[in-house]
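Residue numbers (my numbering): 62 to 131. Data block below; observations after.
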């Protein structure tokens, strides 16, 4: 993993929906090599997936707490 891979990861951590062309521009690559790097990071398990972060209140979920009483 080099600095370009790390830059790709930083950009995707900030916005996982960022299009490849935008990531490529931000890290100083053309889209094709950027996509190859991204696919390699996915295949080797560095990137394990993409997630949506939900607002718990807007989807009707309250606070979940685990309490142990002795």
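Even glycine gets a Cβ: it sits at the ideal position worked out from N, Cα and C. Here the structure is a predicted model, which is why all the values come from computation and not from measurement.
query: Contacts around residue 93, its chain only, beta-carbon distance under 8 Å, and the 5 residues preceding and following it disregarded; result: none
query: Residue 107, enclosing alpha helix (DSSP H) - first and last residue; result: Neither: residue 107 is in no alpha helix (DSSP H) and is coded neither H nor E.
query: Cβ separation of residue 81 and residue 102, assumed to be a contact under 8 Å, to the nearest whole Å; result: About 12 Å separates the two Cβ atoms, so there is no contact after all.
query: Proximity of residue 72 and residue 87 at Cβ, strictly below 8 Å; result: yes
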